[in-house]
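Q: Have a look at this one before I ask anything.
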Amino acid sequence: MPEHAYTSTEIMTIAAARRLVNRQVCFVGIGMPSAAANLARATHAPDVVLIYESGTIGAKPSVLPLSIGDGELAETADAIVSVPEIFRYWLQGGRIDVGFLGAAQIDKYGNINTTVIGGSYALPQVRLPGAGGAPEIATSSKEVWIILKQTKRTFVENLHFVTSSGHQPPATTTLPAMQRKPIRGRGPTVVITDLGILMPDPITGEFTLVSVHPGVSAEDTRAATGWDLKVSDRVEVTPAPTPVELNALRDLHARTAAAHGSTGMDV
Amino acid sequence: MAEIIPLREAISALVSDGSILAMEGFTHLIPFAAGHEVIRQQRRNLTLIRMTPDLIYDQMIGMGCASRLVFSWGGNPGVGSLHRFRDAIQKSWPSPIAIEEHSHADMAARYQAGASGLPFAVLRGYIGSDIPKYNESIRSVTCPFTGEVLTATRALNPDVAIIHAQKADRKGNVLIQGIIGIQKEAVLASKHSIVTVEEIVDNLEAPMNAYVIPGWVLTYVCEVPGGAFPSYAHGYYQRDNAFCKAWDGISRDRGTFASWMEKHVMGTEDFAAFRMSLSGNEGVQHA
């Protein structure tokens, strides 16, 4: 491919990485969040603090970890703590600026499903891995970013199951009190996809298209959304990846492939 | 005080049909050798507890050891789905399996409560999540000081905890280094425990403040070099990513899975023989 060309996955990762500010504290999900966070660390945010749920605080891996508990995360961390400690003191204690999550499906309020699709809960058509750390990352971080590819199968009108909470729809009154409690942080503030960037309406919490990646139209994005996606009246075009960003990302993937025999992106 | 005995005897002594078993190791130090021994001894109707039931429980579920699974994330890390786990839940193969699922923060809190002798743990959990609707072990409690409604989650007290560690001394004191996960909490929450170790040494040479579990709280310590393969033991060997990827293909089909397990696990005497049997196996490298 020509030097300036890039894939939709690359611009998604780069658009996400750009948002991380140096020295922010980021609780990193595996897969795409980890790729974006490490790209930020390799470029404009060298002192971003990456926390993985395996208990590694301030991990500085040279390649993308294949799991949240790779040995290199431990070797490069400022500190290694137990799993209860990472969730109690560091996450629930309010020390996380950005909870950075992937998802199998989301709805217009940024609710996430990683549990079951189709059928019933007991006998689902597709059993997904489940919650992991996400329900509490989504509600105890100061803000939450979600990164996933945008299709009608991933951006759905009605989730089969809410694993991790986004913004509560205004009319949700049937939930028990425990679940109506407001979350501590701001909840999901951005969804970054391979087509564009969505941000929540400040009143309704509904995610709205605010930026499209170069060559993508708002209509393309609406066509890849399972609900009637609202489009900001001032939709921007995501700046194209710079050569520095692209080279850094490709170096990261090349180093990862050499280390693991994979790109680290095949989840 | 911990007794140092062979793994086969430890499993035979502590794990019976219907036992409640917690095998922990958060992506690191996963006690695969012990899992294989449970499979070889053909234990049935086990309740298997584990935050991340990855390949080890995929194997045990597929071999029909479990009737109930308590977990918080069921995948093959960095690779994808657990096919035996999914087949058991979606198609009841080889037998139906009941599931009880939690979040990581919740499972960690449940082990802490169990280790602390408390009936439940408190956390600010599951806000807006559907999980508590399907799990009777997750309730709520009102803080007597602030009135905040918080998640109450039932303590875990397994019959047996099984973990893997780098080394033990001859009194059974165990040293764990690297990612420490939930191992200590799992051991202290359980009635009995088995720790497999890479090696038994005269002197642990543990630095001050090191993560040491005193031998007197453990039931059995077993020397099983390489016993965490294909996961890793920090300072001893790395995770075998090629195996974890190959598992996706081995486990996808019921027949392929069954014949692989028959040949490499049921057909081998112990973990060392299992490792030998993988030599030259179709593209699967091992440490």
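First to last, the sequence lines map onto chains A and B.
Sequential numbering of the first sequence, starting at 1172, is according to our numbering.
Sequential numbering of the second sequence, starting at 2, is according to our numbering.
Yeah, the Cβ is synthetic: ideal placement off N, Cα and C, and Gly gets one too.
#1: Would you list, in chain order, the members of the stretch 18 to 32 of chain B that have their beta-carbon closer than 7 Å to a beta-carbon of chain A?
#2: By Cβ distance below 6 Å, which residues in the same chain neighbour B:A11 in space, the five residues on each side in sequence not counted?
#3: What number of angstroms, rounded off, separates the C-alpha of A:D1278 from the C-alpha of A:L1330?
#4: Kindly indicate which three-state DSSP category B:Y237 falls into: helix, strand or coil?
#5: Check each candidate in B:A35, B:S13 and B:I180 and name the one with the smallest Cα separation from B:T197.
#6: For the stretch 164 to 171 of chain B against the stretch 14 to 31 of chain B, do three or more pairs of beta-carbon atoms, one drawn from each stretch, fall closer than 8 Å, so that the two count as touching?
#7: Just to confirm my understanding: we take A:N1193, look at its own chain, exclude 5 residues before and 5 after, and list those with CB closer than 8 Å. What are they?
#8: Measure the Cβ-Cβ separation of A:E1307 and A:Q1339 and say whether it is below 8 Å.
#9: Spatial neighbours of B:S13 within its chain, please: CB distance less than 8 Å, with the 5 preceding and 5 following residues excluded, ordered by chain position.
#10: I'd like to confirm the pairing. Which residues does DSSP put opposite A:P1359 in its beta bridges?
#11: Considering only their Cβ atoms, is the gap separating B:M64 from B:I40 smaller than 8 Å?
#12: Short check: CB of A:L1366 to CB of A:V1381, under 8 Å?
#13: Measure how close the beta-carbons of A:I1239 and A:S1253 come, nearest whole angstrom, since I'm counting them as under 8 Å.
#14: Along chain B, in chain order, which residues have C-beta atoms closer than 8 Å to that of A:R1393?
#15: CA-CA distance, A:T1439 and A:V1196?
#16: Over the uninterrupted alpha helix (DSSP H) stretch that includes A:I1185, give me the two end residues.
#17: Cβ closer than 8 Å: which chain A residues qualify as neighbours of B:A233?
#18: Have a look at the DSSP bridge pairing and note the partners of A:N1284.
#19: Of the choices A:Y1177, A:T1178 and A:I1182, whose alpha-carbon is the least far from that of A:I1363?
#20: Under the rule that 16 or more other beta-carbon atoms within 10 Å means buried, what is A:E1328, buried or exposed?
#21: Would you call the CB atoms of B:N174 and B:V213 closer than 8 Å?
#22: For A:I1317, count neighbouring C-beta atoms within 10 Å of its own C-beta (all shown protein chains included) and say buried if the count is 16 or more, exposed if not.
#23: Less than 8 Å separating the beta-carbons of A:N1282 and A:V1333?
#24: Kindly list, in the order they appear in chain A, the residues whose Cβ is closer than 8 Å to that of B:A166.
#25: Determine, for B:P159, whether the minimum Cβ-Cβ distance to residues of chain A falls below 8 Å.
#26: In chain B, which residues lie less than 9 Å from A:S1336 when you measure between Cβ atoms?
#27: On a CA-only basis, which of B:M267, B:A109, B:D131 and B:G118 is nearest A:V1287? Give me that one, please.
#28: Using DSSP's beta-bridge definition, name the partner residues of A:A1211.
#29: Classify B:S280: buried if its beta carbon has 16 or more other beta carbons within 10 angstroms, exposed otherwise.
#30: Classify A:Q1296 as buried or exposed, calling it buried when 16 or more other Cβ atoms lie within 10 Å of its own Cβ.
#31: What are the residues of the stretch 54 to 81 of chain B that lie near chain A, defined by any Cβ-Cβ distance shorter than 8 Å?
#32: If we call anything under 8 Å between Cβ atoms a contact, is B:I183 one with A:P1255?
#33: In terms of DSSP beta bridges, what is A:V1196 paired with?
#34: By DSSP, does B:C245 sit in helix, in strand, or in coil?
#35: Just tell me which of A:T1285, A:N1209, A:P1236 and A:G1301 has its CA closest to the CA of B:R240.
A: Let me lay it out:
#1: F27, T28 and H29
#2: I195, Y221 and C223
#3: 6 Å
#4: coil
#5: B:A35
#6: yes
#7: H1215, A1216, P1217, D1218 and V1219
#8: no
#9: Q42
#10: A:V1315
#11: yes
#12: no
#13: Rounded, the Cβ-Cβ distance is 14 Å, inconsistent with contact.
#14: Here the premise fails: no neighbours, minimum Cβ distance about 26 Å.
#15: Because residue 1439 of chain A is not part of the residues shown, which for chain A are 1172 to 1438, the question remains open.
#16: S1179 to R1190
#17: Sequence check: residue 233 of chain B is Tyr here, not Ala. Near B:Y233 (Cβ distances below 8 Å), the residues of chain A are G1242.
#18: A:Q1276
#19: A:I1182
#20: exposed
#21: yes
#22: buried
#23: yes
#24: Within 8 Å Cβ-Cβ: nothing; B:A166 doesn't reach chain A, min ~14 Å.
#25: no
#26: Y127, I128, G129 and S130
#27: B:D131
#28: BP columns for A:A1211 are empty, so no partner.
#29: exposed
#30: exposed
#31: F72, S73, W74, G75, G76, P78, G79, V80 and G81
#32: yes
#33: A:V1220
#34: helix
#35: A:P1236
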